[in-house]
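Take a look at the structure below.
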DNA sequence: AGGTTTACCTTGACTATCTAGGCTTCGCCG
DNA sequence: CGGCGAAGCCTAGATAGTCAAGGTAAACCT
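Protein chains in written order, with my numbering: chain A, 2 to 109; chain B, 2 to 109.
The structure is reproduced here in structure tokens:
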């Protein structure tokens, strides 16, 4: 409905991927996704923060307080070992499904 | 969690696409998606029928009673003109988003 | 007659997302 | 120095889409 959309169910994957590039705070994760996607994807904060808690509860990511690049107080998230594995799983799952959808669209 | 998954939000697109190949009944639509996706995607009936009603209410598809290929009584769905347009829109949206996600994964 | 397949439908729970707020801290500018 | 806006975090409530798990009916096969 809005100018930008996020495909339901891909948020975790996006977050994991962004965090695989290093520690980052919530706000920054959102910006990063927006940027890397060429401004196509936009993550609302109301989706982002709950997602981060979910993922932390699952042990995929962990957090510590620190500073943002702009010198502000920020909660820095990073991947755990289990999160790294999860990233691989979700990447494969995405590829499988994206390919499958492509096949249906082509009418293979 | 199950052996097969359907990416949330792509069901409408899959249905529209399958119906662009001609009239088909609900049951058959599910089978078709399963088949075309090389058995990767599976649509539960509890998702399929409500989706069909939604889409009929939006005017994208329409239905009439007839017979299935197996000679059974079946409700045959088909695309309306507005549905054909919607299919194009959703196809483009899918491509946009799939590409964007690919970019994030690549870390472009 | 009974079981299996085809086909349709519904209800209730769950989960993810969005909307729409609110909070604090900090830097900048008038 | 006072205020405003940006950076950053958080939450409550509504909504929507999916799934699990049922149930119904007709036709076919044996």
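Built from N, CA and C at the ideal position, the CB exists for glycine as well.
This one's a predicted model, so the numbers in the text were calculated from it and none came from an experiment.
*asked:* Let me confirm a value: residue 95 (chain A) is counted as buried when at least 16 other C-beta atoms fall within 10 Å, else exposed. Which label applies?
replied: On the first chain, residue 95 (chain A) is found 94 positions in, with the first residue counted as 1. Using a 10 angstroms sphere on the CB of residue 95 (chain A), the tally of other CB atoms reaches 16 or more, which defines it as buried.
*Does residue 53 (chain B) have its Cβ less than 8 Å from a Cβ in chain A?*
As a first step, residue 53 (chain B) is located in the second chain; it is residue number 52 there, counting from the start. No, residue 53 (chain B) lies away from the interface with chain A (no Cβ there is under 8 Å from its Cβ).
*Cα-Cα separation, residue 41 (chain B) to residue 90 (chain A)*: Locating residue 41 (chain B) in the second chain gives position 40, where the first residue counts as 1. Locating residue 90 (chain A) in the first chain gives position 89, where the first residue counts as 1. Computed Cα separation, rounded: 16 Å.
*Counting only beta-carbon atoms, is residue 30 (chain A) nearer than 8 Å to chain B?*
By one-based count along the first chain, residue 30 (chain A) stands at place 29. Not closer than 8 Å to any Cβ of chain B, the Cβ of residue 30 (chain A) fails to qualify, so no.
*Cβ-Cβ distance between residue 25 (chain B) and residue 18 (chain B) below 8 Å*: For the purposes of this step, residue 25 (chain B) is taken as residue 24 along the second chain, with counting starting at 1. For the purposes of this step, residue 18 (chain B) is taken as residue 17 along the second chain, with counting starting at 1. The answer is no: Cβ separation not under 8 Å.
*Spatial neighbours of residue 103 (chain A) in its chain, beta-carbon cut-off 6 Å, leaving aside the 5 residues before and after*: Locating residue 103 (chain A) in the first chain gives position 102, where the first residue counts as 1. Excluding positions up to five away in sequence, the list is empty.
*Helix, strand or coil for residue 73 (chain A) per DSSP?*
On the first chain, position 72 is the one that residue 73 (chain A) refers to. It is coil, neither helix nor strand.
*Across which residues does DSSP place residue 87 (chain B) in a beta bridge pair?*
What you label residue 87 (chain B) is simply residue 86 of the second chain in a count that begins at 1. Beta bridge pairing from DSSP links residue 87 (chain B) with no other residue.
_I believe residue 44 (chain A) touches residue 20 (chain A) by the beta-carbon criterion, under 8 Å. Please report the beta-carbon distance rounded to the nearest angstrom._
By one-based count along the first chain, residue 44 (chain A) stands at place 43. By one-based count along the first chain, residue 20 (chain A) stands at place 19. Not really, about 13 Å apart at Cβ, beyond 8 Å.
*Going straight from the alpha carbon of residue 28 (chain B) to that of residue 99 (chain B), what length do you get?*
One-based indexing of the second chain puts residue 28 (chain B) at position 27. One-based indexing of the second chain puts residue 99 (chain B) at position 98. CA-CA distance, residue 28 (chain B) to residue 99 (chain B), rounds to 28 Å.
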